[in-house]
Amino acid sequence: MLLSEPLMRFERVVKIRRGGAGYRLTVDNLIVSSGERLALIGDSGSGKSTILDMMALVLKPDEADDFSFKPMGSDKWQDLWKTWQSKRLTRFEAIRRSSLGYVMQTGGLLPFLTVRDNISLPAELKGTIPTKIWREKLKYLAEELKITHLLTKYPTKVSVGERQRCAIARALVHNPSLVLADEPTASLDPPTAERVFELLLRLSQDCALVVSTHEHRRVVGTDFKVYRLLCRSTSPDQPIEAMVIPPEEYRFSDEGKVETISLEKKKTSELH
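See the structure below:
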């Protein structure tokens, strides 16, 4: 069992999107710890993917009091917000290579590489894992995910469900500190989605896992720490305000509604 230590910190991290009335997402306080399972739930467009993209260091916040990262095995926090401001973005490359894995909604595999080469790419780029070790890990993941027979094929020749399983292997092969999964089962039929989600959970035991989903039944009532995203707008010409409500500030009612219970955010929204 991993000792739970903070890996990534968000404190009043803001992302603004312009166009139309506008959109403003604020993450007041969110901490991801080692070995933790954390879920972001909310309707489409509420900002789940935006948060994951900021965690993956591919989307720059517009404001931040604290946005920092400390990979497992390190005793030093890296100020990600300061790095974004300084535009020294090559520093992010090392973090992505060594510490992050990302399962995208449609797999995100490179079409010009075989499945085997797609999966092995993070381990090869990381460069610190002996080839024999990561090849053994790749073989193990392929067997567990039942994709061994797909390794020589190209992504366009395998099904959506198979691509998702390949993407899970790719996200885990280099032993990252943090794995991000953006709606990993959204495009799958229910039986396949159930199997893929269970495999993702079982194979990510040695790292922190953050999942975005609109299917709250998969994570509510489990060992996931569940954060709810809520959007509101006071009028059509005002920006949409999106907020992240931590587990201790809301509950699910018997009618399937989300009821906020913090004194500052007395609001009820329908859960879709």
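In my numbering, the protein residues as written are -11 to 260. We treat Cβ as the ideally placed atom computed from N, Cα and C, and that holds for glycine.
Inset, instruction - Report the option in Leu191, Met231, Gly35 whose CA atom is closest to the CA atom of Glu132. - result: That would be Leu191, whose Cα lies nearest to the Cα of Glu132.
Legend entry - Segment contact, 8 Å Cβ cut-off, at least three pairs: the stretch 11 to 20 with the stretch 68 to 76: No, they do not touch.
Legend entry - Identified DSSP bridge partners for Phe263: Nothing can be reported for residue 263: it is not among the residues displayed for the chain, which extend from -11 to 260.
Inset, instruction - Would you mind sorting His204 into buried or exposed? The rule is 16 or more other CB atoms within 10 Å of its CB. - result: Burial call: buried.
Inset, instruction - Look up Met(-11) in the DSSP assignment and say whether it is helix, strand or coil. - result: With a pLDDT of 43 at Met(-11), under the threshold of 50, the modelled position of this residue cannot be trusted; read the value that follows with caution. DSSP, read as helix, strand or coil, puts Met(-11) in coil.
Inset, instruction - Pull up the distance between the alpha-carbon of Val148 and that of Lys36, whole angstroms please. - result: Their backbone Cα atoms lie some 22 Å apart in a straight line.
Legend entry - Arg151 in three-state terms, based on DSSP: Here DSSP, grouped into helix, strand and coil, assigns Arg151 to helix.
Inset, instruction - Tell me whether the beta-carbon of Ile135 lies closer than 8 Å to the beta-carbon of Ala159. - result: No, Cβ-Cβ distance for Ile135 and Ala159 is not below 8 Å.
Legend entry - Pairwise C-alpha distance: Val198 and Gln66: If I take the Cα positions, the gap works out to 19 Å.
Inset, instruction - Tell me whether Asp16 sits in a helix, a strand or coil according to DSSP, three-state version. - result: Under the three-state reduction of DSSP output, Asp16 falls in the strand class.
Inset, instruction - Kindly indicate which residue of Arg216, Thr210, Leu129, Leu68 has the alpha-carbon position closest to the one of Met231. - result: Closest by alpha carbon: Arg216.
Legend entry - Sequence-distant residues of the same chain with beta carbon closer than 7 Å to Tyr142, five excluded per side: Cβ within range, chain order: Pro99, Thr102.
Legend entry - Ala52 and Val20 closer than 8 Å at C-beta: No; because the gap between Cβ atoms is not below 8 Å, this pair is not in contact.
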